[in-house]
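Residue numbers (the working numbering): 812 to 974.
This is the structure:
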């Protein structure tokens with residue numbers, strides 16, 4: 812009588828596992844973005860200190876540092892830091908793009924879960940409707956048999972409740 816239904820609820824364990832894996836990956840990506848940002852801030856601080864040292868020197872120190880090679884050393888350090896900043900910014904952009912793709916994957920997972928919940932709700936609604944239809948059919952089928960006993964049952968109920 813009951814045939815298998817294609818809209819039966821599905822096992823959501825695999826979807827829950829995917830959500831856990833997504834959360835772990837997202838945490839890893841977030842920490843990588845945070846680490847790259849901190850690294851860039853450190854390099855920017857060193858670069859700023861180098862530029863301050865190059866700019867805020869009296870004339871005689873500028874001459875002495877130029878003769879001793881200190882100025883060229885600071886300039887090379889500044890160039891290296893600029894290259895590190897460019898490289899870090901590219902890595903940061905890549906990490907943010909990966910993080911955005913992960914967010915899209917998370918939204919896709921959420922939509923899949925919502926679709927499964929909707930299918931489960933539809934299945935339950937149909938099951939309840941079928942059960943109610945069966946109950947109404949049984950009630951209609953048994954109504955002629957039950958009708959003569961209704962007065963008797965009402966009298967018995969009244970007797971039980973009166974004591």
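Beta carbons: idealized from backbone N, C-alpha and C, even for Gly.
Assigned secondary structure, residue i (DSSP; H/G/I helix, E/B strand, else coil)
i	result
residue 869	coil
residue 974	coil
residue 917	helix
residue 856	helix
residue 839	helix
Exposed unless 16 or more other CB atoms sit within 10 angstroms - verdict on residue i
i	result
residue 875	exposed
residue 847	buried
residue 943	exposed
CB-CB length for residue i against residue j, believed under 8 Å
i	j	result
residue 918	residue 854	Actually they do not touch by this definition, with Cβ atoms about 34 Å apart.
residue 826	residue 923	6 Å
residue 940	residue 837	With a Cβ gap of about 40 Å, residue 940 and residue 837 do not count as contacting.
Q. Any chance the segment 858-867 sits against the segment 879-898, with 3 or more Cβ pairs inside 8 Å?
A. Contact holds: three or more Cβ-Cβ distances are below 8 Å.
(Q) With three or more beta-carbon pairs closer than 8 Å as the criterion, would you say the segment 927-935 touches the segment 831-839? (A) The segment 927-935 is not in contact with the segment 831-839.
Q. Touch check for the segment 837-845 and the segment 894-907: three-plus C-beta pairs under 8 Å?
A. By the Cβ criterion, the segment 837-845 is in contact with the segment 894-907, since at least three pairs of Cβ atoms, one from each stretch, lie closer than 8 Å.
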